[in-house]
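For the sequence shown, the positions run 7 to 270 when this note's numbering is used.
Okay, structure first, notes after.
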Amino acid sequence: MTSHSKHSPNDAGTPRKKPVDEWAETIHAFESPFQLKDMTAPTGAGLTETITKIDEHRFKIRLAHSDDRANTASMLVQKMYATRGYPANPVKRGAMRFTLMAYQGDKIVGTITLALDSEQGLLADQLYKTEVDKLRATGRRVGELTKLAIDRHAGSKQIFAGLLHIAYIYAIRIYDYTDVVMEIVPRHMDYYVKMLGCEPWGEERLNPRVNFPVSLLRLSRDYVDGMIQTYGGKNSQSGTRTLYPYFFSKADEDGIMQRLMRGE
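Have a look at this one:
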């Protein structure tokens, strides 16, 4: 299986004159929350300019398929963590690890890494092996989310939700895992509990990898699936104060998964 997605010519019928690699790793593209102005029926040179503007106002989620891509993700993680006084280790590639990157135009604006449980275990095992083993002992298959960073100048809800949803598709829909865990700094606990429905799963402890206190959260497949089914794709019209309206709709999710499974 490969996660590469092929893009066809744009809707206006003009082939994109871009290097092939620009779209080679794109998993999904979706609109920026910021509105465009003066986008009425351009022709000729105006059409090219308009296509460029549309491209700049779309988020594209890609898989970090090379060390260079992983290094780009690392730089964003280190930059955004430094603004909050948090240390950050580099993003590493490996088996059963998927680093997702959100781009706006040619600029990386978000990243998250999904690791799926294997013989090597998870990073969370260093501090929370007992807690993670409780899930394993009941037949749960556990993934882990790490290295989240979002550029604060971009549409953070849409980017965060898009990255999480693609990670969910990999973990839950494609690899049939049942839960994800994540180590979160205590000041962000309330946000993850309220906005994502995470369940506290491990008490606060000092993480020696970054010399900073963290707590463990768990998010189950059944909960996420139900919330996407109810709220996915509704954006701000949902009437609920969670992040799930900014996830993709179930129809979009199914389409993304099928493309990934077909290796497109």
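Just so it is clear, CB atoms sit at the ideal spot from N, CA and C, and this is done for glycine as well.
For Pro192, name the three-state secondary structure that DSSP assigns. Residue state, collapsed to three classes: helix.
Rank Leu133, Lys113, Gln84 by C-alpha distance to the C-alpha of Ser221 and give the top, closest one. Each of Leu133, Lys113, Gln84 was checked against the Cα of Ser221, and the nearest Cα belongs to Leu133.
Any idea if His34 is buried or exposed, counting beta-carbon neighbours within 10 angstroms, 16 or more meaning buried? buried
Between the region 198-206 and the region 131-145, do at least 3 Cβ pairs fall closer than 8 Å? no
What whole-angstrom Cβ distance do Ala121 and Glu150 have, given they're in contact under 8 Å? 5 Å
Cα-Cα separation, Glu189 to Arg268: One Cα belongs to Glu189, the other to Arg268, and the distance between them is close to 33 Å.
Would you check if the distance between the CB atom of Tyr109 and the CB atom of Phe65 is smaller than 8 Å? In this structure, Tyr109 sits near Phe65, with a CB-CB distance shorter than 8 Å.
Could you tell me the distance, in whole angstroms, from the CA atom of Thr136 to the CA atom of Asp112? Spanning the alpha carbons of Thr136 and Asp112 requires a straight line of approximately 42 Å.
So, helix, strand or coil for Gln41, using DSSP? The pLDDT assigned to Gln41 is 36, lower than 50, so where the model puts this residue is not dependable; a value taken from the coordinates is nonetheless given after this. Of the three classes helix, strand and coil, the one that applies to Gln41 here is coil, per DSSP.
Whole-angstrom Cβ separation of Gly116 and Leu169, contact assumed at under 8 Å? 6 Å
Beta-carbon within less than 6 Å of Ala70's beta-carbon, same chain only, minus the 5 sequence neighbours each way: which residues are those? Ala76, Ala79, Thr105, Met107
Mark His171 as exposed unless 16 or more other C-beta atoms lie within 10 angstroms of its C-beta, in which case mark it buried. Its Cβ being crowded by 16 or more others within 10 Å, His171 is buried.
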